[in-house]
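Trainee: Position 214 of the sequence shown, counted from 1, bears residue number 535 in my numbering, the numbering being contiguous throughout.
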Amino acid sequence: MAPDTSEVRSLVQGISDHPFILSVIVTICFLACLIRLAQPRDNIPPVNRMFSLEPALFSRLRFAFNARIILADAYKKVGWSVARGDVDFIVLPAECVTELNRLPRNILSSRQCHAITMMGHLNGMDVVLKTDLHVRLLLKTISPALPKLLRPASTRMAETMHAMFPQDTEAWTVTEMADRLACCVERGLAFLVMFIMRFVPAILQPLLVWMLPPKWRLRAGLKGLETFMKPEAERQKERKDDCRETTVLPNLFNQMIDEARNECDQDPGVLTQLLTALAAGGTYSAANFIFAVLADLATHPHFLAQIREEFQAKHVEIGGRWDFEAFDNLPKLDSAFKETQRLTPGSLTTYSRVMLEDHPLANGVILRKGQLICVDSYSRSMDDRVYPEADRYDALRAYNQDLHLHTSRPFKGVYGHEFRWGSGRWACAGRHLAAMMGKFMLVKLLDEYDFQLVGAGERPGNTVFHEFVFIHPGVKMAMRRRKGSLGIQCC
Numbered sequence: 322m323a324p325d326t327s328e329v330r331s332l333v334q335g336i337s338d339h340p341f342i343l344s345v346i347v348t349i350c351f352l353a354c355l356i357r358l359a360q361p362r363d364n365i366p367p368v369n370r371m372f373s374l375e376p377a378l379f380s381r382l383r384f385a386f387n388a389r390i391i392l393a394d395a396y397k398k399v400g401w402s403v404a405r406g407d408v409d410f411i412v413l414p415a416e417c418v419t420e421l422n423r424l425p426r427n428i429l430s431s432r433q434c435h436a437i438t439m440m441g442h443l444n445g446m447d448v449v450l451k452t453d454l455h456v457r458l459l460l461k462t463i464s465p466a467l468p469k470l471l472r473p474a475s476t477r478m479a480e481t482m483h484a485m486f487p488q489d490t491e492a493w494t495v496t497e498m499a500d501r502l503a504c505c506v507e508r509g510l511a512f513l514v515m516f517i518m519r520f521v522p523a524i525l526q527p528l529l530v531w532m533l534p535p536k537w538r539l540r541a542g543l544k545g546l547e548t549f550m551k552p553e554a555e556r557q558k559e560r561k562d563d564c565r566e567t568t569v570l571p572n573l574f575n576q577m578i579d580e581a582r583n584e585c586d587q588d589p590g591v592l593t594q595l596l597t598a599l600a601a602g603g604t605y606s607a608a609n610f611i612f613a614v615l616a617d618l619a620t621h622p623h624f625l626a627q628i629r630e631e632f633q634a635k636h637v638e639i640g641g642r643w644d645f646e647a648f649d650n651l652p653k654l655d656s657a658f659k660e661t662q663r664l665t666p667g668s669l670t671t672y673s674r675v676m677l678e679d680h681p682l683a684n685g686v687i688l689r690k691g692q693l694i695c696v697d698s699y700s701r702s703m704d705d706r707v708y709p710e711a712d713r714y715d716a717l718r719a720y721n722q723d724l725h726l727h728t729s730r731p732f733k734g735v736y737g738h739e740f741r742w743g744s745g746r747w748a749c750a751g752r753h754l755a756a757m758m759g760k761f762m763l764v765k766l767l768d769e770y771d772f773q774l775v776g777a778g779e780r781p782g783n784t785v786f787h788e789f790v791f792i793h794p795g796v797k798m799a800m801r802r803r804k805g806s807l808g809i810q811c812c
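1) Checking the sheet assignment: what are the DSSP bridge partners for Met-676?
2) Look up Leu-693 in the DSSP assignment and give the residues it is bridged to.
3) Would you kindly work out how many angstroms separate the C-alpha atoms of Asp-489 and Met-478, rounded to a whole number?
4) Quick check on this structure: which residue in Thr-670, Asp-715, Phe-791, Lys-804 has the alpha carbon closest to the alpha carbon of Leu-654?
5) Please name the residue or residues paired with Tyr-736 in a DSSP beta bridge.
6) What residue does the alpha helix (DSSP H) around Leu-774 start on, and which one ends it?
7) Between His-753 and Ser-464, is the Cβ-Cβ spacing less than 9 Å?
8) Assuming Ile-578 is part of the alpha helix (DSSP H), what are its boundary residues?
9) Tell me whether Gly-782 is buried or exposed, calling it buried when 16 or more other Cβ atoms sit within 10 Å of its Cβ.
10) How about Thr-620 and Glu-779: do their beta carbons lie closer than 9 Å?
11) Take Ser-702 and list the residues in its own chain whose beta-carbon comes closer than 6 Å to its own, dropping the five residues that flank it on each side.
12) Give a yes or no on contact between the stretch 429-449 and the stretch 584-599, applying the rule of three or more CB pairs nearer than 8 Å.
13) Do Lys-544 and Val-514 have their C-beta atoms within less than 9 Å of each other?
14) Below 8 Å on the Cβ atoms is my guess for Leu-774 versus Val-796; work out the distance and round it to an integer in Å.
15) Let me know the secondary structure DSSP gives Ile-792 once reduced to three states.
16) Beta-carbon separation of Leu-392 and His-636 under 9 Å?
17) In whole angstroms, what is the alpha-carbon distance linking Thr-452 and Asn-387?
18) For Ala-554, which residues from the same chain have a beta carbon less than 6 Å from its beta carbon, with the 5 sequence-adjacent residues on both sides left out?
19) For Trp-747, name the three-state secondary structure that DSSP assigns.
20) So, is Phe-549 buried or exposed, given that buried needs 16 or more other C-beta atoms within 10 angstroms?
21) Spell out a yes or no on whether the stretch 663-681 and the stretch 796-805 are touching, meaning 3 or more CB-CB pairs, one atom from each, closer than 8 Å.
22) Out of Asp-409, Tyr-605, Glu-580, Arg-706, state which residue places its alpha-carbon closest to the alpha-carbon of Ile-792.
23) Flag Ser-606 as yes when its Cβ comes closer than 8 Å to any non-hydrogen atom of the ligand SAH, and as no otherwise.
24) Could you pull the DSSP bridge partners for Met-798 from this structure?
25) Taking 8 Å as the threshold, find out whether the stretch 418-430 comes into contact with the stretch 727-745 through three or more Cβ pairs.
26) Could you tell me whether the Cβ atoms of Ser-698 and Thr-671 are closer together than 9 Å?
27) Out of curiosity, what's the CA-to-CA distance linking Val-521 and Gly-685?
28) Sort out for me which residues DSSP pairs Trp-643 with in a bridge.
29) Hey, quick one: how far does the alpha helix (DSSP H) through Phe-612 stretch, first residue to last?
30) Run through DSSP, which three-state label would Ile-687 get?
31) Around the C-beta of Ser-373, are 16 or more other C-beta atoms found within 10 angstroms, so that it is buried, or is it exposed?
32) Could you check the C-alpha separation between Tyr-396 and Phe-516 for me, to the nearest Å?
33) Please report the distance separating the alpha-carbon of Trp-493 from that of Lys-659.
34) I need the boundaries of the alpha helix (DSSP H) containing Thr-784, first residue and last residue.
35) Check whether the Cβ atoms of Leu-454 and Asp-586 lie closer than 9 Å to each other.
36) Tell me whether Pro-376 sits in a helix, a strand or coil according to DSSP, three-state version.
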């Protein structure tokens with residue numbers, strides 16, 4: 322039976338005549354809504370949130386400057402949610418990865434997580450949502466061709482190194498090594514935009530991002546590159562359609578056009594963003610890693626001496642003819658790579674994914690659609706139960722612990738709970754290229770130059786900003802040309 326409208330009107334009139342009662346009712350409803358919204362999703366307790374209704378700005382600030390401590394706290398627990406400020410993500414133990422790797426791509430996505438984490442909608446990194454061209458290119462074309470590509474690529478790198486680095490064998494020259502290795506600061510603009518906009522609420526990001534000078538510089542750079550690439554893309558498409566062969570060694574851009582499957586893959590704007598994303602990620606992660614290896618070995622000269630002895634022995638063994646196989650078979654240097662990557666990874670977390678569907682884990686944690694997940698690989702790498710004396714740098718740790726296991730699991734590979742390159746089918750597609758080019762550069766640098774850190778008896782600590790790890794860009798290194806170097810060249 323419907324209520325009498327006259328009774329309803331009289332009730333409303335009675336409440337309106339008593340504003341105190343009305344305010345109490347409104348307050349109760351408002352608090353009930355807040356309490357409902359503040360409840361943790363699926364009863365997963367959060368880390369980095371002081372109380373349920375704490376403004377997200379405080380979580381953003383704490384995570385930006387104390388991510389290592391916050392994640393270490395979450396590492397001790399199982400299936401805890403870390404409040405980053407912009408998003409919450411579930412930190413899972415490494416043991417869950419094997420189970421997650423069995424799931425199809427319609428259950429979880431690494432590309433969506435990459436776009437969210439890198440603020441792709443603001444700096445163009447969300448191009449990975451439009452195409453997987455870069456993954457196909459790296460896995461199907463570039464990685465298998467590395468033995469052929471090594472010689473021309475190494476020749477170009479050697480010429481650049483000779484032009485950029487000092488040739489004096491007596492005097493020390495001070496240089497900011499990170500800038501020399503990265504070569505082009507413009508490639509870091511996408512990261513700079515991301516670092517800053519992580520502090521800004523999502524609703525304000527589309528407006529405030531245009532107040533950043535790096536955003537305008539990034540936009541201008543993209544437009545300039547696209548102006549060049551548009552006619553070049555048309556020429557390459559015509560060559561592809563006419564099935565014309567070329568005797569010139571193909572470059573990355575040519576290969577991208579050849580590998581393209583649809584109009585989106587061939588769109589100059591998409592190709593421009595994709596090349597920029599590859600340059601931004603690859604250049605700075607590689608530069609940071611190479612600098613970290615140099616810093617580690619410069620402050621541990623006894624390890625450096627053993628690695629140079631390995632170069633000498635290999636040089637004699639192969640008669641000075643360095644090819645792909647020779648660079649690929651330096652187990653002591655490979656061990657030093659593993660140790661530096663353990664202590665100075667590109668990120669505190671790996672195996673970052675977005676759940677596209679609900680999925681219950683064997684440990685009882687229920688992952689819900691839309692949640693972000695990751696593994697705290699850095700805290701695991703600093704766990705004494707996993708790596709004895711984890712705080713101590715030992716360049717030959719892997720080499721001395723189990724040489725057979727070490728050589729069967731080289732630095733460039735993806736194995737079990739070693740998360741150097743991620744895990745599963747969406748592990749870093751450029752790992753073979755990055756490992757080989759990095760190895761060539763470091764063999765050349767360590768053979769031809771001496772290094773020492775300026776104003777520091779010990780290696781400077783890592784800088785952590787948000788979840789990203791790097792050696793502070795202001796750290797300077799002195800270098801000079803070595804007398805009697807092997808003069809290693811790729812044959």
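Just so it is clear, CB atoms sit at the ideal spot from N, CA and C, and this is done for glycine as well.
Mentor: The short version:
1) What you label residue 676 is simply residue 355 of the sequence shown in a count that begins at 1. Residue pairing by DSSP puts Met-676 in a beta bridge opposite Leu-429.
2) As a working note, residue 693 is residue 372 in the sequence shown. Beta-bridge pairing links Leu-693 to Phe-410, Val-675.
3) Numbered from 1 along the sequence shown, position 168 holds the residue referred to as residue 489. Numbered from 1 along the sequence shown, position 157 holds the residue referred to as residue 478. Computed Cα separation, rounded: 19 Å.
4) Counting from 1 along the sequence shown, the entry for residue 654 is found at position 333. Out of Thr-670, Asp-715, Phe-791, Lys-804, Asp-715 has the C-alpha closest to the C-alpha of Leu-654.
5) The residue given as residue 736 occupies position 415 in the sequence shown. Its beta-bridge partners are Glu-739.
6) On the sequence shown, residue 774 is found 453 positions in, with the first residue counted as 1. Counting along the chain, Leu-774 falls outside any alpha helix (DSSP H), though it belongs to the beta strand (DSSP E) covering 770-774.
7) Locating residue 753 in the sequence shown gives position 432, where the first residue counts as 1. Locating residue 464 in the sequence shown gives position 143, where the first residue counts as 1. Ser-464 is positioned such that its CB atom lies closer than 9 Å to that of His-753.
8) Taking the sequence shown and counting its residues from 1, the one referred to as residue 578 is at position 257. Boundaries of the alpha helix (DSSP H) around Ile-578: 573-580.
9) Residue mapping note: residue 782 aligns to position 461 of the sequence shown, counting from 1. Classification for Gly-782: exposed.
10) Looking up residue 620 in the sequence shown gives position 299. Looking up residue 779 in the sequence shown gives position 458. Glu-779 is positioned such that its CB atom lies closer than 9 Å to that of Thr-620.
11) Taking the sequence shown and counting its residues from 1, the one referred to as residue 702 is at position 381. Once the five neighbours on either side are set aside, the close Cβ partners of Ser-702 are Arg-663.
12) With three or more CB-CB distances shorter than 8 Å, the stretch 429-449 counts as touching the stretch 584-599.
13) For the purposes of this step, residue 544 is taken as the residue at position 223 of the sequence shown. For the purposes of this step, residue 514 is taken as the residue at position 193 of the sequence shown. No, they are not a contact pair.
14) By one-based count along the sequence shown, residue 774 stands at place 453. By one-based count along the sequence shown, residue 796 stands at place 475. With a Cβ gap of about 7 Å, Leu-774 and Val-796 count as contacting.
15) Within the sequence shown, residue 792 is the residue found at index 471, counting from 1. Look at Ile-792 here: in three-state DSSP terms it is strand.
16) As a working mapping, residue 392 is identified with position 71 in the sequence shown. As a working mapping, residue 636 is identified with position 315 in the sequence shown. Not a contact, by the Cβ cut-off of 9 Å.
17) One-based indexing of the sequence shown puts residue 452 at position 131. One-based indexing of the sequence shown puts residue 387 at position 66. The alpha-carbon atoms of Thr-452 and Asn-387 are separated by roughly 34 Å.
18) The count along the sequence shown starts at 1 and reaches residue 554 at position 233. Contacts found: Pro-589.
19) If you number the sequence shown from 1, residue 747 lands on position 426. Three-state result, Trp-747: helix.
20) Taking the sequence shown and counting its residues from 1, the one referred to as residue 549 is at position 228. It counts as exposed.
21) no
22) Working through the sequence shown from its first residue, we reach residue 792 at position 471. Here the closest residue by C-alpha is Tyr-605.
23) No copy of the ligand SAH appears in this structure; indeed no ligand is present at all.
24) Position 477 of the sequence shown, counting from 1, holds the residue named residue 798. In DSSP, Met-798 forms a bridge with Thr-496, Leu-774.
25) yes
26) For this step, residue 698 is matched to residue 377 along the sequence shown. For this step, residue 671 is matched to residue 350 along the sequence shown. Yes, these two residues count as a Cβ contact at 9 Å.
27) Within the sequence shown, residue 521 is the residue found at index 200, counting from 1. Within the sequence shown, residue 685 is the residue found at index 364, counting from 1. Using only the alpha carbons, I get a separation of about 35 Å.
28) Position 322 of the sequence shown, counting from 1, holds the residue named residue 643. Cys-811.
29) Here residue 612 is taken as the residue at index 291 of the sequence shown, counted from 1. The continuous alpha helix (DSSP H) containing Phe-612 extends over residues 589-619.
30) On the sequence shown, position 366 is the one that residue 687 refers to. In the structure shown, the three-state DSSP call for Ile-687 is strand.
31) The count along the sequence shown starts at 1 and reaches residue 373 at position 52. With fewer than 16 other Cβ atoms inside 10 Å of its own Cβ, Ser-373 counts as exposed.
32) In the sequence shown, the residue the question calls residue 396 occupies position 75. In the sequence shown, the residue the question calls residue 516 occupies position 195. If you take the alpha carbons of Tyr-396 and Phe-516, they lie about 24 Å apart.
33) In the sequence shown, counting from the first residue as 1, residue 493 sits at position 172. In the sequence shown, counting from the first residue as 1, residue 659 sits at position 338. Each residue's Cα considered, the two are about 29 Å apart.
34) If you number the sequence shown from 1, residue 784 lands on position 463. Element bounds for Thr-784: not the alpha helix (DSSP H) but the beta strand (DSSP E), 783-786.
35) What you label residue 454 is simply residue 133 of the sequence shown in a count that begins at 1. What you label residue 586 is simply residue 265 of the sequence shown in a count that begins at 1. Yes, the Cβ-Cβ distance between Leu-454 and Asp-586 is below 9 Å.
36) Against the sequence shown, residue 376 aligns to sequence position 55. Reduced to three states, the DSSP call for Pro-376 is coil.
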